[in-house]
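Taking it in order: structure first as structure tokens, then the write-up.
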Amino acid sequence: MNPLAKISLGQFDVMAFAPTTDAARAVAFYRDTLGLTLIGQDGFAAAFDAHGIMLRVTSVPKPLTPQPFTVLGWKVPDIATAVTGLAAAGVEFDRYMDSQDELNIWTAPGGAKVAWFKDPDGNILSITQF
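Per this note's numbering, the sequence shown starts with residue 95, numbered consecutively.
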């Protein structure tokens with residue numbers, strides 16, 4: 095029997111990935127605009143500490159075609175405060191549904207509140223208050 099067959103990935107930390115075609119621009123956005131700590135950078139990726147999760151913003155060749163859905167999100171305790179603070183830092187929130195409020199926050203049928211924005215490469219990111 096293969097000893098690796100008994101390993102559960104549930105016991106290991108998750109890493110997140112986002113693509114970029116311009117590492118310097120991505121570092122400025124994720125570090126300076128979103129406030130993530132840059133923990134390392136090489137010719138392949140910039141690694142950030144996203145509250146104990148490693149986010150690797152990986153350099154990819156042009157053209158990059160962003161996915162039409164959220165690729166990365168954060169759970170926040172107060173979405174209105176988070177939207178206001180990020181907007182003050184230059185983040186523009188997107189409107190995908192008519193039912194989003196004046197801050198572009200959408201309330202899901204179950205009560206969660208979500209706001210979406212894009213990184214400089216067009217990757218859709220979100221913040222959610224449960």
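Don't be surprised by glycine CBs; every beta carbon is placed ideally from N, CA and C.
Check: Rounded C-beta distance between Ser-153 and Phe-142? I'm assuming under 8 Å.; Outcome: Rounded, the Cβ-Cβ distance is 14 Å, inconsistent with contact.
Check: Of all the options Ala-174, His-145, Gly-216 and Ser-220, which has the alpha carbon lying nearest to the alpha carbon of Pro-160?; Outcome: Gly-216
Check: Once DSSP output is grouped into helix, strand and coil, what is the label at Asp-126?; Outcome: helix
Check: Pick helix, strand or coil for Gln-161, following the three-state DSSP scheme.; Outcome: coil
Check: Can you tell me whether Gln-105 is helix, strand or coil according to DSSP?; Outcome: helix
Check: Hey, is the segment 168-182 in contact with the segment 100-114, meaning 3+ C-beta pairs nearer than 8 Å?; Outcome: no
Check: Tell me which residue opens and which closes the beta strand (DSSP E) that Leu-132 is part of.; Outcome: 131-135
Check: Run the CB neighbour count on Val-108, radius 10 Å, all protein chains shown included, and call it buried at 16 or more, exposed below.; Outcome: exposed
Check: Would you grab the beta carbon distance between Ala-144 and Ala-120 for me? Rounded to a whole angstrom, and I think it's under 8 Å.; Outcome: That belief does not hold up - the Cβ atoms of Ala-144 and Ala-120 are roughly 14 Å apart, past 8 Å.
Check: Quick check on the DSSP output: the alpha helix (DSSP H) that includes Thr-115 runs from which residue to which?; Outcome: Premise fails: Thr-115 is in no alpha helix (DSSP H) and is neither H nor E.
Check: Are Ala-183 and Thr-131 touching if we call contact CB-CB under 7 Å?; Outcome: no
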